[in-house]
Amino acid sequence: MELVSLFIGLTFVNNVVLSKFYAICPLLGVSKKPKNALNMGYAVTFVIFVSSIVTWLIYNCILVPLKIEYLDLITFILVIASLVQFVEMFLKKTSPDIYKAMGVYLPLITTNCAVLGVALDNISAGYNLIEAAVAGLAVSIGFTIVIYIFATIRERLDIANVPESFKGTPIALITAGIMACAIAGIAGLV
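Each number in this note's numbering corresponds to the 1-based position in the sequence shown with 578 added.
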């Protein structure tokens, strides 16, 4: 039951995009088309899930026994960068269209604060390996849901009658703020 609560809480209620505004760069950059947003969500899901497990293992099996926990940040960044390189090479070989569509935002997963934030949050929360894996999966699914919904809204905003000064990024940020308020309204559920 605790794992289900953790999953629901991190996916919907404490969504990293809408409650902490992590990953605002890919939210605004990749969310112009739902297909691109979904592809970015898949890539981020893989990177967050695997990095949650690998960083937990490295921290608890290597850094803590050697009493070098202070190297967690640099170690986590190296793990995340390696995973992103793997995803980038995989997409370049198997799906060149997706690789081109994601453009510069694919390598930017390395600096996506949601990816690093999950790894650090797993350690600071004291999660065990299963909880860290569930947290990684929940956060990445929450990210994918939000970026996809946001992309569908932005498609409609592009054809909507929006005042000139609000077109583009301003209306996107206002929309993200409204979505965050909606999510905050259900915060007491979990």
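All C-beta atoms, glycine included, are put in the ideal place defined by N, C-alpha and C.
Original post:
From which residue to which residue does the alpha helix (DSSP H) around N700 run?
Top reply: Residues C691 to S702.
Original post:
Is it the case that the Cβ atoms of L588 and A713 are separated by a distance below 8 Å?
Top reply: Contact check for L588 against A713 passes: the beta carbons are separated by less than 8 Å.
Subject >> Cutoff 8 Å: E647 Cβ touching any chain B Cβ >> reply: Annotation note: the requested chain B is absent from the structure, which comprises a single protein chain.
Original post:
Taking Cβ to Cβ, would you say T623 is nearer than 8 Å to I719?
Top reply: With contacts defined by Cβ atoms closer than 8 Å, T623 and I719 form a contacting pair.
**OP:** Quick one: grab the DSSP three-state call for V740.
**Re:** In this structure, V740 counts as coil in the three-state DSSP scheme.
Original post:
So I701 packs on D736, CB below 8 Å; how close in whole Å?
Top reply: Between I701 and D736 the beta-carbon gap is near 41 Å, outside 8 Å, which marks them as no contact.
Original post:
Taking only runs of the alpha helix (DSSP H) that begin and end inside the region 590-642, which ones reach a length of at least 4 residues, in chain order?
Top reply: Runs found: 594-597, 602-608 and 612-636.
Original post:
Distance, Cα to Cα, T730 vs K745?
Top reply: Near 16 Å, if we compare the C-alpha coordinates of K745 and T730.
**OP:** Indicate whether the contact test is met: 3 or more Cβ pairs, each with one atom in the region 664-671 and one in the region 743-760, closer than 8 Å.
**Re:** With contact defined as three or more Cβ pairs closer than 8 Å, the region 664-671 and the region 743-760 are not in contact.
**OP:** Note down, in chain order, each residue of its chain lying with its Cβ closer than 7 Å to the Cβ of L661, except the 5 sequence neighbours on either side.
**Re:** So the list reads V625, V628 and S629, once near-sequence residues are dropped.
**OP:** Would you check if the distance between the CB atom of T612 and the CB atom of N690 is smaller than 8 Å?
**Re:** The identity of residue 612 in the sequence shown is Pro, whereas the question assumes Thr. No.
Original post:
Do you know offhand how far K598's Cα is from L644's?
Top reply: C-alpha of K598 to C-alpha of L644: approximately 32 Å in a straight line.
**OP:** In the DSSP assignment, find the alpha helix (DSSP H) that holds P674 and state where it starts and stops.
**Re:** It spans P674 to M680 - the alpha helix (DSSP H) in which P674 sits, taken as one unbroken run.
**OP:** Could you check which residue in V632, G763, A703 and I752 has the C-alpha nearest to that of T653?
**Re:** Of the listed residues, the one whose Cα sits closest to T653 is V632.
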